[in-house]
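A.B. asks: Provided herewith is a single structure, encoded as structure tokens, for subsequent inquiry.
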Amino acid sequence: MKRLTLADCFDPDGERFGIPTYPWRYAPDGMATRRQLRIRGLRPGGQDIAAQMLRPRRWREPLTAYLYRIDLAHPVRPMTPARWAALAKANAARRRCPECRRDAGYVIPPTLGACVACAFPEEQRAA
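Below is the structure:
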């Protein structure tokens, strides 16, 4: 694979990449990433990707950030009491140990699959 340079990432007509492409941090006015939309209280709202930004890296694929049109974005849906309750229930389930069934007081890491006391019982006895 040929290494991309910053100049290779400038394709506003979309001839090379299929969609308009800009170098990292050179997005045109009126376009934003998902995170930038969220900061403004907006969401893409089902619109297609309008453009992309590429950031070349030395030995790997370039980083890609997709851009959406701000004028077509929709407001973020408000949190309802039912959504707050569902979120609280999901977060509580992430804290409950599947082995001892206690609230661990922290989110249980998926790599352990159980609270620290259940994952390393021999170390807990020594302490």
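This note's numbering puts the first residue of the sequence shown at 5, with every later residue one more than the last. The beta carbon of each residue, even a glycine, is placed where N, CA and C say it ideally should be. Remember, predicted model here, so these are calculated numbers, not experimental data.
1. Can you say whether residue 55 is buried or exposed, counting buried as having 16 or more other CB atoms within 10 angstroms of its CB?
2. Taking its Cβ as the centre, do 16 or more other Cβ atoms sit within 10 Å of residue 31, making it buried, or is it exposed?
3. Between the Cα of residue 7 and the Cα atoms of 66, 119, 48 and 85, which residue gives the shortest distance?
4. Counting only beta-carbon atoms, is residue 81 nearer than 8 angstroms to chain B?
5. Roughly how many whole angstroms lie between the Cα atoms of residue 110 and residue 72?
6. Rank 108, 127, 96 and 57 by C-alpha distance to the C-alpha of residue 21 and give the top, closest one.
7. To which residues of the same chain is residue 41 closer than 8 angstroms at the C-beta, ignoring the five residues directly before and after it?
8. Per the DSSP calculation, residue 25 is bridged to which residue(s)?
9. Between which two residues does the beta strand (DSSP E) harbouring residue 91 extend?
C.D. replies: Short version:
1. buried
2. buried
3. With distances taken between Cα atoms, residue 7 lies closest to 66.
4. This model lacks chain B altogether; it includes just one protein chain.
5. Straight-line Cα distance between these residues: approximately 36 angstroms.
6. 57
7. Closer than 8 angstroms at the Cβ level, and outside the excluded window around residue 41, lie 47, 48, 72, 74 and 77.
8. 15 and 56
9. Taken as a continuous stretch (DSSP letters only), residue 91 belongs to no beta strand (DSSP E), being part of the alpha helix (DSSP H) at 85-99.
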